[in-house]
Every structure is written in structure tokens, then in C-alpha cells.
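Residue numbers (the numbering used here): 27 to 147.
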């Protein structure tokens with residue numbers, strides 16, 4: 027299972043393996059995005075409790091304003107957060123296609139929340 031983020035805070039793109047039972051270690055120099063990767067996971071975790079709403083400031087993480095979360099210089103002006111299941115091979119040798127869910131988020135008009143980008147934007 028892969029966690030993918032794009033244009034979140036200082037992170038251009040990142041992909042980490044979050045399969046259950048697998049240890050993941052984040053290393054890097056200061057300001058390389060380690061905390062931002064963790065914050066992106068916490069953002070989704072605290073938002074799962076609220077239907078149709080991305081909770082920027084909740085019990086798990088406080089991220090401030092939505093406009094501050096989109097990486098400076100991002101071409102689309104949006105954050106992409108996604109999780110994907112890789113293609114798998116069963117015991118019979120049959121391949122199952124991978125699944126992926128990607129959320130394309132942009133600051134809302136009030137600049138304090140994120141909303142899903144409308145199709146065609």
C-alpha cells in the first residue's frame with residue numbers, strides 16, 4: 027500500500043510504503059518534508075470522522091490556513107493526497123489490478139478550508 031502526496035506544504039512529491047506490518051523510517055535533513063508527510067497522514071485520519079469535510083485544525087494536527095498548505099510554485103494550485111494498492115498476484119497466478127484513490131484539494135473561497143477540485147477546473 028502506497029501513500030502518495032503532491033504539493034503538500036514543502037513536499038513536491040513523495041511516496042511511502044505503509045503496508046501493515048512493514049516498518050517505515052523517514053530520514054532526511056532539516057526541512058526536507060518528514061513532518062509534512064506525517065501531517066498529511068494525520069490530516070486524512072482526522073478528516074475521516076467528518077463527512078464531506080477536510081479538517082485542517084483538529085485533535086490530531088493543526089495546520090492553520092488552507093492556502094499555506096499548497097506548496098509554493100505548484101502548477102495546479104492543488105494538493106494531491108492518495109493511497110494505492112499495488113497490482114497483486116494470487117496463488118493461482120492471476121493478477122489483480124491495483125486500486126488508487128486520489129484527492130485533489132484546493133483552498134476554498136474562505137481560504138481557511140480545503141475543498142475537492144471540481145471536474146474541469
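Think of the CB as a built atom: it goes at the ideal place given N, C-alpha and C, for glycine as much as any other residue.
Within the model, the alpha-carbon separation for residue 64 versus residue 136 is close to 26 Å. Assignment of residue 130 by DSSP, reduced to helix, strand and coil, places it in the strand class. Contact between residue 107 and residue 87 is ruled out by a C-beta separation of about 13 Å, above the 8 Å threshold. Listed in chain order, the non-local C-beta contacts of residue 45 below 7 Å within the same chain comprise 27, local neighbours out to five positions each way being set aside.
Residue 79 and residue 60 have their C-alpha atoms roughly 25 Å apart.
Taking the Cα positions, residue 39 is about 14 Å away from residue 52. Shortest Cα-Cα distance from residue 57 to any of 32, 36 and 77 involves 36. Judged by DSSP secondary structure, residue 71 falls within the alpha helix (DSSP H) whose first and last residues are 60-73. Under the three-state reduction of DSSP output, residue 92 falls in the helix class. Exclusion of the five residues before and after residue 85 leaves 72 as the residues of its chain whose Cβ lies within less than 7 Å of its Cβ.
At a Cβ-Cβ threshold of 8 Å, residue 105 and residue 29 do not count as neighbours.
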